[in-house]
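Undergrad: Below is the structure I would like to discuss, written out as structure tokens.
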Amino acid sequence: MNPGTTASLICPACGQAFLSMQQSMEGMVQCPHCAHNALRSYFGTHAQVAGVAQVRRRVSQTQPLQSMPAPAPQQDIHVVSQPAAWGGQQQPVQAPANFTARQTLQPSQALMPTGAPPPPEEFKTPPHLRTSPWRGVFIMLGFTVVCGGALWLWWDSVHAPVVKPGVVAALPPAKVEVKKDPIVPQTQIARALIPAPDVGAVTADAKALVTELFASDTAERRAACIHEAVKYGAEIEAQFGAIGDKKTELRLLSRIPGMPQTLPGGQPVPLFKLVTSACANGALIRLETGADGKRRISWPLLFETHSAALAAFLKQPAGDAAWFHVGLRPSHGLDITAELRPKYITFDVQVAAGSDPHFVACVERETPLGRFLDRESEWGKSYLARLLVRRLDIQSEAPCLLVIDCEGAPER
65 MNPGTTASLI CPACGQAFLS MQQSMEGMVQ CPHCAHNALR SYFGTHAQVA
115 GVAQVRRRVS QTQPLQSMPA PAPQQDIHVV SQPAAWGGQQ QPVQAPANFT
165 ARQTLQPSQA LMPTGAPPPP EEFKTPPHLR TSPWRGVFIM LGFTVVCGGA
215 LWLWWDSVHA PVVKPGVVAA LPPAKVEVKK DPIVPQTQIA RALIPAPDVG
265 AVTADAKALV TELFASDTAE RRAACIHEAV KYGAEIEAQF GAIGDKKTEL
315 RLLSRIPGMP QTLPGGQPVP LFKLVTSACA NGALIRLETG ADGKRRISWP
365 LLFETHSAAL AAFLKQPAGD AAWFHVGLRP SHGLDITAEL RPKYITFDVQ
415 VAAGSDPHFV ACVERETPLG RFLDRESEWG KSYLARLLVR RLDIQSEAPC
465 LLVIDCEGAP ER
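This is how it looks when you write it as structure tokens:
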């Protein structure tokens, strides 16, 4: 007999031992004693059954089986078939009385290896009992919030001011915040309160007054056309009192489109262009209403623009200052250098009905006058003002004037 090719098997049905040459656990084996046919893995070996028998023997000694009758007092001899040698006969062997018969073992018990631990049971938690992985995070967050709130309440109670019974705690005096009203420009107030002038009536009065001024042959008739003529009698006669070939002749009178505003004040004023034989560029004319309610020609504006007084003043040495009636329009200051533009607020100065001559008025920004003119003037609008100026010697493309004061501006 070759032990490498045969195996001693125990039939799970009859418990008899036999030899088999089947080595594969998936192969079919048939018991020669009871013809039980099953897979090789269902048949146990002699060593497995011997181990189970020893365990069953110890259990049966401590607790007798209920299904089997109690053994007789005499010693029973059980005959167990002992496999004989190859080709020999089976010899009866006597076994102890407490030996458990193979018929009492279940197939699963006969095939279970002795000394091996039972296979662990795999347990899976049902889905409704599984916990979220974020549960711990939310618990810690809630715990932190509760601890923070408790700590804040403790700190507030510890540092609360102690008030003795019967003593009223003195509260600090409340600070009253005084807000200054924004300064509203006077020109804006004037536009809301002063009605616009009757341009048609003013134009008719201007034509009548200019015609009478050039047609009059006496000083009294000429003075009747000028507002407050008593102050300027000598200048009026010097300009328009000549006779003969030196007499100033009227060439053109027309209204200038748009209406500039007085600065300060914001009152709209119709302007007229007067071209004469002595002023080809055209002088500026505006009318003033007297105490009697009649309109007359404003002499300072007409005289200074007709005689080109500002251009003559700029030819004098620098340092002298004088008052002039001029027209103003806010500008970007492109006539002066880029380094000086942040220092000054600039205006285009108009002293004639045409574009020439061109002057630039500069006002220092960080001064009360500069802030006043910046607040009162608006971009894209023209103004009439009386300014105290002097010549400003800086690098520029046009003659510059430094504005020192403005008539009607608040005291600084």
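Residue numbering for the sequence shown is 65 to 476, as defined by the working numbering.
We put the beta carbon where it would ideally sit given N, CA and C, even for glycine.
1. If you draw a straight line from the alpha carbon of residue 427 to that of residue 471, how long is it in whole angstroms?
2. According to DSSP, is residue 126 part of a helix, a strand, or is it coil?
3. With distances taken Cα to Cα, identify the nearest neighbour of residue 106 among 76, 80, 377 and 218.
4. Return yes when the Cβ of residue 457 is within less than 8 angstroms of the Cβ of residue 382, no when it is not.
5. In this structure, how does DSSP classify residue 431 when only helix, strand and coil are distinguished?
6. Secondary structure at residue 138, three-state DSSP: helix, strand or coil?
7. Suppose only complete runs of 3+ residues qualify. What are the beta strand (DSSP E) ranges in the segment 305 to 349, listed by chain order?
8. Select from 207, 437 and 314 the residue whose C-alpha is nearest the C-alpha of residue 344.
9. Are the beta-carbon atoms of residue 349 and residue 367 separated by less than 8 angstroms?
10. What residues in its chain sit with their C-beta under 7 angstroms from that of residue 102, if we drop five residues either side in the sequence?
11. Using the C-alpha atoms, what's the distance from residue 340 back to residue 282?
12. Taking C-alpha atoms, which residue in 390, 369 and 211 lies nearest to residue 326?
13. Which partner residues does residue 400 have in the DSSP bridge list?
14. What are the boundary residues of the beta strand (DSSP E) that includes residue 12?
15. Which residue wins for smallest C-alpha separation from residue 463, given the options 398, 318 and 293?
16. Over what stretch of residues does the beta strand (DSSP E) that includes residue 259 continue unbroken?
17. Taking residue 413 and residue 433 to be in contact with their CB atoms under 8 angstroms, please state how far apart those CB atoms are, rounded to whole angstroms.
18. Could you have a look at residue 469 and say whether DSSP puts it in helix, strand or coil?
19. What distance in whole Å lies between the Cβ atoms of residue 89 and residue 70, which are believed to be in contact at a cut-off of 8 angstroms?
20. I'd like the span of the alpha helix (DSSP H) that includes residue 278, first residue to last.
21. Figure out for me which residue from 362, 429, 286 and 74 has the closest Cα to the Cα of residue 404.
22. According to DSSP, simplified to helix, strand and coil, what is residue 412?
23. Between which two residues does the beta strand (DSSP E) harbouring residue 360 extend?
24. Residue 209: buried (16+ other C-beta within 10 angstroms of its C-beta) or exposed?
25. With 16 other CB atoms within 10 Å as the buried threshold, where does residue 195 fall?
26. Per DSSP, what are the beta-bridge partners of residue 82 in this structure?
27. In or out: residue 138 buried (at least 16 other Cβ within 10 Å) or exposed?
28. Looking only at DSSP bridge pairs, what is residue 386 linked to?
29. For residue 78, I'd like the list of residues in its chain whose CB is within less than 6 angstroms of its CB, leaving aside the five on either flank, ordered along the chain.
30. Does residue 474 pass the burial test, meaning 16 or more other C-beta atoms within 10 Å, or should it be called exposed?
31. Spatial neighbours of residue 447 within its chain, please: CB distance less than 6 angstroms, with the 5 preceding and 5 following residues excluded, ordered by chain position.
32. Residues in the same chain with beta-carbon distance under 6 angstroms from residue 278, minus the five sequence neighbours each way, listed in chain order, please.
33. Using the three-state DSSP reduction, which class does residue 421 fall into: helix, strand or coil?
34. Using three-state DSSP, classify residue 104 as helix, strand or coil.
35. Whole angstroms is fine: what's the gap from residue 423's alpha carbon to residue 297's?
36. Out of 285, 287, 305 and 319, which has the shortest C-alpha to C-alpha gap to residue 267?
TA: Straight from the coordinates:
1. Their Cα atoms are separated by approximately 14 angstroms.
2. Low confidence applies here, because residue 126 scores a pLDDT of 49, under 50, leaving its location unreliable; read the following figure in that light. Of the three classes helix, strand and coil, the one that applies to residue 126 here is helix, per DSSP.
3. 76
4. yes
5. coil
6. Note that residue 138 has pLDDT 45, beneath the 50 cutoff, so the model's placement of it is unreliable and the number below is only indicative. Residue state, collapsed to three classes: coil.
7. 314 to 319, 336 to 340 and 347 to 349
8. 314
9. Their beta carbons are not under 8 angstroms apart, which means residue 349 does not touch residue 367 by this criterion.
10. 93
11. 19 angstroms
12. 390
13. 460
14. Given that the chain is displayed from residue 65 to residue 476, the structure contains no residue 12 and the question cannot be resolved.
15. A check of alpha carbon separations from residue 463 across 398, 318 and 293 identifies 398 as the nearest.
16. No beta strand (DSSP E) holds residue 259; DSSP gives it neither H nor E.
17. That belief does not hold up - the Cβ atoms of residue 413 and residue 433 are roughly 16 angstroms apart, past 8 angstroms.
18. Three-state DSSP puts residue 469 in a strand.
19. Not quite, the Cβ-Cβ distance comes to about 15 angstroms (not below 8 angstroms), so this is no contact.
20. For residue 278, the uninterrupted alpha helix (DSSP H) segment begins and ends at 263 to 279.
21. 429
22. strand
23. 359 to 361
24. Classification of residue 209: exposed, given that the 10 Å Cβ count is below 16.
25. Exposed.
26. 73
27. Caution is warranted here: a pLDDT of 45 is assigned to residue 138, below 50, making its placement in the model unreliable, and no coordinate value can be reported.
28. 453
29. 97 and 98
30. exposed
31. 324, 325, 327 and 392
32. 314
33. coil
34. helix
35. 30 angstroms
36. 319
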